[in-house]
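Residue numbers (the numbering used here), protein chains in the order written: chain A, 1 to 166; chain B, 1001 to 1418.
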């Protein structure tokens, strides 16, 4: 069981406010990406986020652009788990491919506020928030395999290093 | 046994399996994969993977469109890295600065065909539903994986059927239909779904109009969208297509998880208010709102008929606020020049930009000042989308944007269309 501080947001948070499009071809380094995370949603986030923090949100987190920096900016800021009532399809895939865990859990976000702590036990498959326990949804084997490898790049690196041609 | 949706048929074909159902996870081999100005970043990911070369360079397309011509040294360097990569890998389908927006260019060039699967490193890849192709957006890492292996895992989406009937009123377009759907069902109304259009409206829409529907379904959360292709589609692709194809149609008894029906006959122009494409009201509720900039363009509404619609409103009139017009492709620009539409726009005071994405995502060519309102034919009005956080964006069809440019405020175009 690990304890994590949370940042709580609402519904339909789009990738433009998570990582503005104007930076997508100019900012490249992890530190640059992290410095602009959630810039147009919560200016306090980039300065206040600590490694291990979790984002808790409502429906449709990450709608809009396919830009992967909307995941990697958070990852470089130290966020490795996101909990939302639902994710956009593209954002969910981008999380998996970056080795960031997107958990679809309903009913949690109204129990916590930014700055609260929640507990996560991935082996037991539970999240505990405000004294209530939530089950971590099971992921399909193909998704699990990518996460276990640490993301799509490490997974493919292993395949190509082993001499696989496809 | 029940019938198959379009998505089930298309992904079974792309995976080389005899049948697939919603929820199945398949290794899909797309017919075409494409990217744009993000190709240099994808190249850097690809180089980490350790693949010797792009597996199927003939299936790869790259278009420079998001920030063209390069507005800064950094953007120019980005383009230079992409050109070098195109040469190194022998990528034949490469489209330079000014050719146009990826979705429009690949459509004009018939690089993908009905029934095929096309994955793009761009969320508006749903666009290719206009011709009955399975188009879906992917992330940069996924595109690098596609370059390396030629395949990607996909979960076959559940499908939603959208039934459109009736006749559109003058000044009302497919954009208004799309906004109404998203406004009614929300920004996640089509989440993870194959949004499959149906109904007698579709065959009455021109191809320029049809493209708006699947394009805008990105704002509905759709994985892909689909319109049943007909002879109009086949004829448009005939001159340039490089191979045969088999169009796919959903079975009559296919299973849909949700159905939405709209009679468009009573629809008036729609406006998406800041800061969401799902925040949709009828034009009459937003009319009179001052705007300082009007923008006509993008993969959603930068085609020839969009420029022509604006010209119908603007003919013989002058704009009161600045109007930026950016054709979706060089072909659109050529047609507009040839027909006189371009002259009409210029005479009305429009500033014409190089074909490409323009200011849609805040790179250049029309970034608003703080507090300035823009009315745009684009697809997204999220806070900061055009590069400035405190600059509200309204989304509308090109008639409405043109009329609003004349007034300097959100206006009804129908009085100009008498």
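We put the beta carbon where it would ideally sit given N, CA and C, even for glycine.
Problem - Contact with chain B by residue 12/A, beta-carbon distance below 9 Å - result: Here residue 12/A corresponds to residue number 12 of the first chain, with the count starting at 1. Judged by the 9 Å Cβ criterion, residue 12/A is in contact with chain B.
Problem - Contact list for the segment 1052 to 1067 of chain B against chain A, Cβ threshold 9 Å - result: Listed in sequence order: 1052, 1055, 1066, 1067.
Handout entry: Cα-Cα separation between residue 158/A and residue 151/A, rounded to whole angstroms
Key = Here residue 158/A refers to the residue found at position 158 of the first chain. Here residue 151/A refers to the residue found at position 151 of the first chain. C-alpha separation (whole angstroms): 11 Å.
Practice task
Output the boundary residues of the beta strand (DSSP E) element that contains residue 72/A.
Solution key: Residue mapping note: residue 72/A aligns to position 72 of the first chain, counting from 1. No beta strand (DSSP E) holds residue 72/A; the alpha helix (DSSP H) holding it covers 69 to 76.
Practice task
Give me the Cα-Cα distance between residue 1095/B and residue 1155/B, rounded to the nearest whole angstrom.
Solution key: For the purposes of this step, residue 1095/B is identified with residue 95 of the second chain, where counting begins at 1. For the purposes of this step, residue 1155/B is identified with residue 155 of the second chain, where counting begins at 1. Approximately 31 Å, taken between the alpha carbons.
Handout entry: Euclidean distance between Cα positions of residue 1101/B and residue 47/A
Key = As a first step, residue 1101/B is located in the second chain; it is residue number 101 there, counting from the start. As a first step, residue 47/A is located in the first chain; it is residue number 47 there, counting from the start. Each residue's alpha carbon lies about 37 Å from the other.
Problem - Inter-residue spacing [alpha-carbon to alpha-carbon] between residue 1211/B and residue 1300/B - result: Position 211 of the second chain, counted from the start, is the residue given in the question as residue 1211/B. Position 300 of the second chain, counted from the start, is the residue given in the question as residue 1300/B. Rounded to the nearest angstrom, the two C-alpha atoms are 7 Å apart.
Exercise for the section: Quick one: give me the first and last residue of the beta strand (DSSP E) that residue 1153/B is part of. Expected result: Taking the first residue of the second chain as position 1, residue 1153/B is located at position 153. Looking at the DSSP string, the run of the beta strand (DSSP E) that includes residue 1153/B is 1152 to 1155.
Handout entry: chain B residues whose Cβ lies nearer than 8 Å to that of residue 79/A
Key = Taking the first chain and counting its residues from 1, one reaches residue 79/A at position 79. Within chain B, not a single residue places a beta-carbon under 8 Å from that of residue 79/A; the smallest gap is close to 17 Å.
Problem - Top-ranked residue by Cα proximity to residue 1392/B, from 1376/B, 1261/B, 1349/B - result: By one-based count along the second chain, residue 1392/B stands at place 392. The residue with the shortest Cα to Cα distance from residue 1392/B is 1376/B.
Problem - For residue 1289/B, the three-state DSSP class (helix, strand or coil) - result: For the purposes of this step, residue 1289/B is identified with residue 289 of the second chain, where counting begins at 1. In the structure shown, residue 1289/B sits in coil (DSSP, three-state: anything other than H, G, I, E or B).
Practice task
Kindly identify the DSSP beta-bridge partner or partners of residue 1331/B.
Solution key: What you label residue 1331/B is simply residue 331 of the second chain in a count that begins at 1. In DSSP, residue 1331/B forms no bridge with anything.
Exercise for the section: Could you tell me whether the Cβ atoms of residue 1194/B and residue 1225/B are closer together than 9 Å? Expected result: Here residue 1194/B is taken as the residue at index 194 of the second chain, counted from 1. Here residue 1225/B is taken as the residue at index 225 of the second chain, counted from 1. Yes, they are a contact pair.
Problem - DSSP state of residue 1027/B mapped onto helix, strand, coil - result: Counted from its first residue, the second chain places residue 1027/B at position 27. Residue 1027/B: strand per DSSP, three-state reduction.
Practice task
Check distances from the C-beta atoms of the segment 1381 to 1407 of chain B to those of chain A and list, in chain order, the residues that come in under 7 Å.
Solution key: Of all residues in the segment 1381 to 1407 of chain B, the ones placed with a Cβ closer than 7 Å to any Cβ belonging to chain A are 1382, 1383, 1384, 1385, 1387, 1389, in chain order.
Handout entry: Status (buried if at least 16 other CB within 10 Å, exposed otherwise) for residue 1240/B
Key = Position 240 of the second chain, counting from 1, holds the residue named residue 1240/B. That one is exposed.
Problem - For residue 116/A, the three-state DSSP class (helix, strand or coil) - result: Here residue 116/A refers to the residue found at position 116 of the first chain. In this structure, residue 116/A counts as coil in the three-state DSSP scheme.
Problem - residue 134/A: first and last residue of the uninterrupted beta strand (DSSP E) it sits in - result: Locating residue 134/A in the first chain gives position 134, where the first residue counts as 1. Element bounds for residue 134/A: 132 to 135.
Problem - Spatial distance of residue 1042/B from residue 1223/B (CA atoms) - result: Residue 1042/B sits at position 42 when you count from the first residue of the second chain. Residue 1223/B sits at position 223 when you count from the first residue of the second chain. Taking the straight line joining both Cα atoms gives about 21 Å.
Problem - residue 1140/B vs residue 67/A beta-carbon contact at 9 Å - result: Working through the second chain from its first residue, we reach residue 1140/B at position 140. Working through the first chain from its first residue, we reach residue 67/A at position 67. In this structure, residue 67/A lies closer than 9 Å to residue 1140/B by Cβ.
Problem - Interface flag, residue 1049/B vs chain A, CB-CB below 9 Å - result: Residue 1049/B sits at position 49 when you count from the first residue of the second chain. Closer than 9 Å: yes.
Exercise for the section: Count the other CB atoms, across all protein chains shown, that sit within 10 Å of the CB of residue 1380/B; report buried if there are 16 or more and exposed otherwise. Expected result: Counting from 1 along the second chain, the entry for residue 1380/B is found at position 380. Per the 10 Å Cβ criterion, buried.
Exercise for the section: State yes or no: is the beta carbon of residue 1085/B nearer than 9 Å to at least one beta carbon in chain A? Expected result: The sequence position of residue 1085/B within the second chain is 85, counting from 1. It does not: the Cβ of residue 1085/B has no partner Cβ on chain A nearer than 9 Å.
Handout entry: Whole runs of the alpha helix (DSSP H) within the segment 1180 to 1218 of chain B, excluding any shorter than 4 residues
Key = 1201 to 1204, 1207 to 1210, 1212 to 1216
Exercise for the section: Please list the residues of the segment 1152 to 1165 of chain B that have a C-beta atom closer than 7 Å to any C-beta atom in chain A, keeping them in chain order. Expected result: 1153
Practice task
Thinking residue 1294/B and residue 1273/B are a contact (beta carbons under 8 Å), I'd like their distance in whole angstroms, please.
Solution key: In the second chain, residue 1294/B corresponds to position 294, counting from 1. In the second chain, residue 1273/B corresponds to position 273, counting from 1. Contact flag wrong, Cβ pair sits at about 16 Å.
Practice task
Whole angstroms is fine: what's the gap from residue 1288/B's alpha carbon to residue 1351/B's?
Solution key: The count along the second chain starts at 1 and reaches residue 1288/B at position 288. The count along the second chain starts at 1 and reaches residue 1351/B at position 351. Cα to Cα, the separation comes out at about 23 Å.
Problem - Amino acids of chain A, ordered along the chain, whose beta-carbon sits closer than 7 Å to that of residue 1140/B - result: Residue numbering aside, residue 1140/B sits at position 140 when the second chain is read from its first letter. The contacting residues are 68.
Handout entry: Run of the alpha helix (DSSP H) containing residue 61/A, from where it starts to where it stops
Key = By one-based count along the first chain, residue 61/A stands at place 61. Unbroken run through residue 61/A: none, as it is neither H nor E.
Handout entry: Beta-carbon proximity list for residue 133/A, same chain, < 7 Å, skipping 5 on both sides
Key = The residue you call residue 133/A lines up with position 133 of the first chain. Sequence-distant Cβ neighbours of residue 133/A in its own chain, meaning closer than 7 Å and more than five residues away, are 126.
Practice task
Could you confirm whether any beta carbon from chain A is found closer than 9 Å to the beta carbon of residue 1075/B?
Solution key: Mapped onto the second chain, residue 1075/B falls at position 75. Taking 9 Å as the threshold, the shortest C-beta distance from residue 1075/B to chain A falls below it.
Exercise for the section: Sort out for me which residues DSSP pairs residue 102/A with in a bridge. Expected result: As a position in the first chain, residue 102/A is number 102, starting the count at 1. According to DSSP, which records beta bridges pairwise, residue 102/A is partnered with 82/A.
Exercise for the section: Count the other CB atoms, across all protein chains shown, that sit within 10 Å of the CB of residue 98/A; report buried if there are 16 or more and exposed otherwise. Expected result: The residue labelled residue 98/A in the question sits at position 98 within the first chain. With at least 16 other beta carbons inside 10 angstroms of its own, residue 98/A counts as buried.
Exercise for the section: Just the C-alpha distance for residue 1395/B and residue 1364/B, rounded to the nearest angstrom, thanks. Expected result: If you number the second chain from 1, residue 1395/B lands on position 395. If you number the second chain from 1, residue 1364/B lands on position 364. Using only the alpha carbons, I get a separation of about 19 Å.
Exercise for the section: For residue 1122/B, collect the residues of the same chain with a Cβ closer than 6 Å to its Cβ; drop the 5 residues on either side in sequence, then sort them by chain order. Expected result: The residue labelled residue 1122/B in the question sits at position 122 within the second chain. These residues qualify, in order along the chain: 1137.
Handout entry: Proximity test, Cβ basis, 9 Å: residue 166/A and chain B
Key = What you label residue 166/A is simply residue 166 of the first chain in a count that begins at 1. Only weak support exists for where residue 166/A lies, its pLDDT of 46 falling under 50; the coordinates are left without a value.
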